[in-house]
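Asker: Below is a structure I'd like to ask you about.
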Amino acid sequence: MRIQRFAKATLWSSTAVLLTMPVFAQDNATDLDEVILGKTKREVQTDTATAATTVDQSEMDDRQASTVAELVDSIPGVTLINGQTPQGSGINIRGFGSNSTYGSDQKVIIQVDDADVGAEELYRIGTQLYTDPALYKTVDVVRGMAGTFEYGSGAIGGMVRLQTKDASDFTGGVPGFKLRQSMQFSSNGSGISSSSIFAWQVTEDFEVLGNYTYTTQDDQVDGAGNTIGNSAFSLPSWQIKAKKTFGDGDHSVGFSMTDTNSDAKDVPYDSFQTTGGSFGNVDRQTHSRTATLGYNYNPLDNDLIDIDVKLSYGDQKIDQSYVSGSSPLEGGFSWPFLEPLVEADHRYETTKLTVKNTAEFVTGTVSHDLRTGVEFKRKKRLGAASAPGGTDDRIALFVVDDMSIGDRLTLTPALRYESQSIGDGTVSYSNDALMGGVSAFYKFDNGFGVFGSAAYTESMPIIDDMGSPTKMTQSEKATTFELGFSYDNVEVFTEGDDLAFKANIYKTKFWDITSYNVPGSFASLGSAEMEGLELEAAYSMASGLYFDLNANIQRGKYVSPAPGGDWRGIPADQLRLTVGKKWDEELDLSWEVVANKKMTRASTPSASNVTHNLRATYKPQTGILEGAELRFGVENVFDKEYTPHLATRTAPGRNFKFTLAKTF
Numbered sequence: 063m064r065i066q067r068f069a070k071a072t073l074w075s076s077t078a079v080l081l082t083m084p085v086f087a088q089d090n091a092t093d094l095d096e097v098i099l100g101k102t103k104r105e106v107q108t109d110t111a112t113a114a115t116t117v118d119q120s121e122m123d124d125r126q127a128s129t130v131a132e133l134v135d136s137i138p139g140v141t142l143i144n145g146q147t148p149q150g151s152g153i154n155i156r157g158f159g160s161n162s163t164y165g166s167d168q169k170v171i172i173q174v175d176d177a178d179v180g181a182e183e184l185y186r187i188g189t190q191l192y193t194d195p196a197l198y199k200t201v202d203v204v205r206g207m208a209g210t211f212e213y214g215s216g217a218i219g220g221m222v223r224l225q226t227k228d229a230s231d232f233t234g235g236v237p238g239f240k241l242r243q244s245m246q247f248s249s250n251g252s253g254i255s256s257s258s259i260f261a262w263q264v265t266e267d268f269e270v271l272g273n274y275t276y277t278t279q280d281d282q283v284d285g286a287g288n289t290i291g292n293s294a295f296s297l298p299s300w301q302i303k304a305k306k307t308f309g310d311g312d313h314s315v316g317f318s319m320t321d322t323n324s325d326a327k328d329v330p331y332d333s334f335q336t337t338g339g340s341f342g343n344v345d346r347q348t349h350s351r352t353a354t355l356g357y358n359y360n361p362l363d364n365d366l367i368d369i370d371v372k373l374s375y376g377d378q379k380i381d382q383s384y385v386s387g388s389s390p391l392e393g394g395f396s397w398p399f400l401e402p403l404v405e406a407d408h409r410y411e412t413t414k415l416t417v418k419n420t421a422e423f424v425t426g427t428v429s430h431d432l433r434t435g436v437e438f439k440r441k442k443r444l445g446a447a448s449a450p451g452g453t454d455d456r457i458a459l460f461v462v463d464d465m466s467i468g469d470r471l472t473l474t475p476a477l478r479y480e481s482q483s484i485g486d487g488t489v490s491y492s493n494d495a496l497m498g499g500v501s502a503f504y505k506f507d508n509g510f511g512v513f514g515s516a517a518y519t520e521s522m523p524i525i526d527d528m529g530s531p532t533k534m535t536q537s538e539k540a541t542t543f544e545l546g547f548s549y550d551n552v553e554v555f556t557e558g559d560d561l562a563f564k565a566n567i568y569k570t571k572f573w574d575i576t577s578y579n580v581p582g583s584f585a586s587l588g589s590a591e592m593e594g595l596e597l598e599a600a601y602s603m604a605s606g607l608y609f610d611l612n613a614n615i616q617r618g619k620y621v622s623p624a625p626g627g628d629w630r631g632i633p634a635d636q637l638r639l640t641v642g643k644k645w646d647e648e649l650d651l652s653w654e655v656v657a658n659k660k661m662t663r664a665s666t667p668s669a670s671n672v673t674h675n676l677r678a679t680y681k682p683q684t685g686i687l688e689g690a691e692l693r694f695g696v697e698n699v700f701d702k703e704y705t706p707h708l709a710t711r712t713a714p715g716r717n718f719k720f721t722l723a724k725t726f
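Going from the sequence shown to this note's numbering is simple: count from 1 and add 62.
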C-alpha cells in the first residue's frame, strides 16, 4: 500500500483512539422497535421554481463518498465521468460540464466557499475537483441557468456550490473545544481515509476550525476481477476556518482556506484511460487551494441593509514531467507533436471580489428579497507550449428579486451584465453581454404547486481560444425554458406520513458554439438542442419506513451543420430508488437500486445495467458509546461488471465500506 510512514502513523493511531472505547454494555441496549416520525435521506425542494438540490451533512456521511463527485451522482440530471477517483473524473449536468476530452467545458460553475475553482480546456487531464469530501458540510446543485445569475455567467448546465464545515457545527456556539475523528475503510482498493477536525469556540462570537484529511487507495478491480488501471491515489487535504462577530452582533468577518495535494508518479498522461497508450506516462503533481475572506454587515434594526463583501482566490497548479520511454510513439513521426502536450505545466489563478446587498421590504402587497451586487474577477492562466497563457478580466453587475405576491405566488426576475477584457499581453479582446431570466412559482392550498422559468445566458470567450480571433469575439449563447409541478403534504395516505415530489421538463437551445466540434472533425458545431425530464420524490411513514426516488430522461442533438447528430454528453436514462427504515435517531438501514437504460443514441453505445447498494448507520443514543457513529455499506452488491455511459473506465466491483466516527 502506497502510504508514507507519517500517514500510516496518523491513520492507525486515529483508529486506536476509536477502538479503545469500551464495548457497549448489554444492559444499555436500546429497543429498536421504538420509532419516531420517519424522514427520508433528502428533502425535495418543492417551494421553488429552481431545479435545485442540497446534499446535507447527514447524507454526505451516509454515502461514505471517496470523491466530491460521488456526493452528487444521485441527483437527477447529474452524471459522473469516472467519479470514483479524483483523477480522470468530472461532473456532467444536463449534458454539459466534464466530458471524455476535457475536464470542463466552462458550462458548469463550481465554487468552494464562493471561490471559483477549475481550469479551462486541459486536454485529457479530467476533473478540476481535486479536493476531499470530508472538508464540506453541504453541496448545493442547481440544474440549468435559473438560479445562477447571482454567481456567474454561462452556466448552461448548472452550478455546484460547496460549503466547508464551521467550528460551531460541532461546538453548538458554546465556548470550549471539540475534536471529531473519523476513519473509513474500503475493501476494493484497500482504501483508508482519516479525518481529524479540531473545533474551538473561543468565545460565543469567535470560532476557529482546523481539518486534516488523508485519503489513499490502491488500484481497484471491476466486477470481473480485472484491475482498473490508474485508479490509485493519495490525497492529503487540510482546511482552516475562522469567524469573528463584533459590534452588537451586526458585524462579522470570516476566513476560510482549503488545500489539497496529489503527487502521482508514472501515471498515464491521459487520465481518462487506464494505461499510458500513445501519450505515455508522466509524473504529475497537482496542487489545488482556495481562500475566502468575507465581511458581513447586517444591522438588526434595518431590513434594507445586509452587505456581504467577499474576496476569494482559487489556485490550481499542475506540474507534469514525461516518463522517458513510456510512449510507443516516442522517437516516431507523431512524437514532436505530443511532447509539448505531455510536458506542459498548467496553472490557473482566479481572484474575485464580490460586494452584495440583500434588502427586504414591502411595496403594496408585494414582499421583496432584493439582492444586488457587483463582481470583479481576474483569471490568470500560465502559458505552456501546448496552450496559450493570458488574463481574463471581468466586471459584472447583477440584480435578483424574490417577489412574494400574497401567500401563493413568487416571481423572481434576474439580470446580469458582464464585461470582459481578455488578452495575452500582445493582443486583447473586449466583450460584453446582458443575460437573465424570470421564474414563477404558484402554490395551491392542497399542497400542489406549479412553476416555470425562462432564462438566457452567454458563455464568454476563454483564454484557451486566444489563437482564434473568431472565437475571441463570439460568445456562446443559450436559452432554457422549464415547466413543472410539485407536491408536499402530510398524512396523505396514512397518519403521520409525508409525501413530496417535484417534476420538471426543460428545453435548451445552444448556438454560436465554439467549444465543441462535429464528432470526428475539426469543424465547429453551429447549434444544438436538449430536452429532458427530471423527477425527485420522497415518502416517509410514522413507522420509520421511507422511500426516495429520482429519475432522469434526457435527449439531445446538434442541429447544424446538417444533417445533425447526437449530442455526445447526453447520459443514459436513469431510475434510482432507495428503500429504508429508521429507528429513532439510532439506526438507519437502506437499500438503493440504480437502473440505467441501454444507450444507443451515441457514437459509443452502452448496455443497460442495474446495481444495488446497501447502507447502515448506527448511532447509539445511550450508554458508553453514546455519540459514536458506525457506518457500513456495500456498493455494487452483486459485483456486476459494467461501464457507465459517458465513462471511459469500467466501474468498480463490489466494495465494502466501514466508517468509525466520534466527536469528543
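C-beta atoms are modelled at their ideal positions from N, C-alpha and C, and glycine is treated no differently.
Do the segment 709–718 and the segment 103–123 meet, that is, are 3 or more Cβ pairs less than 8 Å apart?
Answerer: Contact fails: fewer than three Cβ-Cβ distances are below 8 Å.
Asker: Return the chain-ordered list of same chain residues with a C-beta closer than 6 Å to the C-beta of A723, the five sequence neighbours on each side being excluded.
Answerer: Excluding sequence neighbours, A723 sits near S244 and E691.
Asker: Mapping DSSP to helix, strand and coil, what is D95?
Answerer: With a pLDDT of only 40 at D95, under 50, the local geometry of the prediction cannot be trusted, and no value is derived from it.
Asker: Tell me, please, which residues DSSP counts as bridged to Y568.
Answerer: E544 and G594
Asker: So within the segment 202–256, which uninterrupted alpha helix (DSSP H) runs reach at least 4 residues, ignoring any that extend past its ends?
Answerer: If only complete runs of 4 or more residues are kept, the segment 202–256 shows the alpha helix (DSSP H) at 230–233, in order along the chain.
Asker: With DSSP as the reference, label W397 as helix, strand or coil.
Answerer: helix
Asker: Is it the case that the segment 203–222 contacts the segment 497–516, given that we only count it when at least three CB pairs across the two stretches are under 8 Å?
Answerer: yes
Asker: Are there 16 or more other CB atoms within 10 angstroms of the CB of D507, so buried, or fewer, so exposed?
Answerer: Exposed: under 16 other Cβ atoms inside 10 Å.
Asker: Distance check for D455 and Y359, CA to CA, integer angstroms please.
Answerer: Straight across, the Cα-Cα distance linking Y359 with D455 is about 28 Å.
Asker: Assuming S160 and Q146 are in contact, meaning their beta carbons sit under 8 Å apart, how far apart are those beta carbons, in whole angstroms?
Answerer: S160 to Q146, Cβ: 14 Å. No contact.
Asker: Is the segment 461–475 close to the segment 425–441, with three or more CB pairs under 8 Å?
Answerer: yes
Asker: Could you give the distance in angstroms between the alpha-carbon of T570 and the alpha-carbon of E544?
Answerer: 9 Å
Asker: What residue from T278, L271, L241 and V236 has the CA that sits closest to S252's CA?
Answerer: T278
Asker: Evaluate the contact criterion for the segment 656–668 versus the segment 628–636: three or more CB pairs, one atom per stretch, below 8 Å.
Answerer: yes
Asker: Using CA coordinates, which residue listed in D370, F317, Q382 and N612 is at the minimum distance from P138?
Answerer: N612
Asker: May I ask which residues mark the beginning and end of the alpha helix (DSSP H) holding K533?
Answerer: P531 to M534
Asker: If you draw a straight line from the C-alpha of R677 to the C-alpha of D194, how long is it?
Answerer: 21 Å
Asker: Identify, in the order they occur along the chain, each residue of the same chain with its Cβ nearer than 6 Å to the Cβ of G618, setting aside the five sequence neighbours on each side.
Answerer: G157, M592, W629 and I632
Asker: Take the Cβ of I686 as the centre, count every other Cβ of all protein chains shown within 10 Å, and call the residue buried at 16 or more, exposed below.
Answerer: Residue burial is scored here from C-beta neighbours: I686 has fewer than 16 other C-beta atoms within 10 angstroms and is therefore classed as exposed.
Asker: If contacts are defined as beta-carbon pairs under 8 Å, then D123 and R478 qualify, I think. What distance do you get, rounded to the angstrom?
Answerer: Not really, about 35 Å apart at Cβ, beyond 8 Å.
Asker: Comparing alpha-carbon positions, which option in D610, T472 and Y375 lies nearest D176?
Answerer: Y375
Asker: Pull up the CB-CB distance for S151 and A181, whole angstroms please, since I reckon it's below 8 Å.
Answerer: That belief does not hold up - the Cβ atoms of S151 and A181 are roughly 14 Å apart, past 8 Å.
Asker: Hey, out of F513, K439 and D377, whose CA is closest to N566's CA?
Answerer: F513
Asker: Can you check which of these residues, G309, I524, A286 and S386, is closest to G452 by C-alpha distance?
Answerer: I524
Asker: Under 8 Å: does the beta carbon of K439 sit that close to some heavy atom of the ligand SAH?
Answerer: The ligand SAH is not part of the structure shown, which contains no ligands of any sort.
Asker: Just verifying my parser: in three-state terms, what is the DSSP assignment at F49?
Answerer: Look at the range of the chain in this structure, 63 to 726, and you will see that residue 49 is not part of it.
Asker: Looking only at DSSP bridge pairs, what is S448 linked to?
Answerer: Its beta-bridge partners do not exist; DSSP assigns none.
Asker: Under 9 Å, do Y198 and T226 count as touching if we go by C-beta distance?
Answerer: yes
Asker: Sort V203, L224 and D135 by Cα distance to D178 and report the nearest one.
Answerer: Nearest C-alpha to D178: L224.
Asker: In the structure shown, what three-state DSSP assignment does Q301 receive?
Answerer: Strand, per DSSP.
Asker: Does DSSP classify R433 as helix, strand or coil?
Answerer: strand
Asker: Determine the direct distance from the alpha carbon of K539 to that of V201, and round the result to whole angstroms.
Answerer: 27 Å
Asker: On the criterion of 16 or more Cβ atoms from any shown chain inside 10 Å, does V170 qualify as buried, or is it exposed?
Answerer: buried
Asker: Which residues bound the alpha helix (DSSP H) around L28?
Answerer: Given a span of 63 to 726 for the chain in the structure shown, any question on residue 28 remains unanswerable.
Asker: So the beta strand (DSSP E) S120 belongs to, where does it begin and stop?
Answerer: First-last for S120: Q119 to R125, but that is the alpha helix (DSSP H), not the beta strand (DSSP E).
Asker: Compare the beta carbon distance of V344 and G356 with 9 Å and say whether it is the shorter of the two.
Answerer: No. Outside cutoff.
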